[in-house]
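Structure, as structure tokens:
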Amino acid sequence: MSDKFPLLYKEMIRDAVEDERQRCVDMFVKWGIENLSLCDLELLEHFVTRWLEVENER
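Counting from 1, one number per residue, gives the positions in the sequence shown under the UniProt record's numbering.
So this is what it looks like as structure tokens:
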């Protein structure tokens, strides 16, 4: 985005993206709780946690 793009709009877009990301995570967690065994959920949690760590290192 250009530096001329108003900061308020940049923040609004960032917030909307974050809200949508959180909504998707919440829906995925709900689906996992309803459809996966505890062992599968723990395995999924491990991989997601590791992926987030790698993403945060970038």
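Glycine included, every Cβ here is placed at the ideal spot set by N, Cα and C.
As the structure is a computational prediction, the values presented were derived from the model and not from experiment.
- Membership of leucine 43 in the alpha helix (DSSP H) is indicated by the continuous run 38 to 57.
- Taken through DSSP and simplified to helix, strand or coil, phenylalanine 28 comes out as helix.
- A direct Cα-Cα distance of roughly 25 angstroms separates tyrosine 9 from glutamate 55.
- Pairing leucine 41 with glycine 32 gives a Cβ-Cβ distance under 8 angstroms.
- Rounded to whole angstroms, the gap between the alpha carbons of phenylalanine 47 and glutamate 53 is 10 angstroms.
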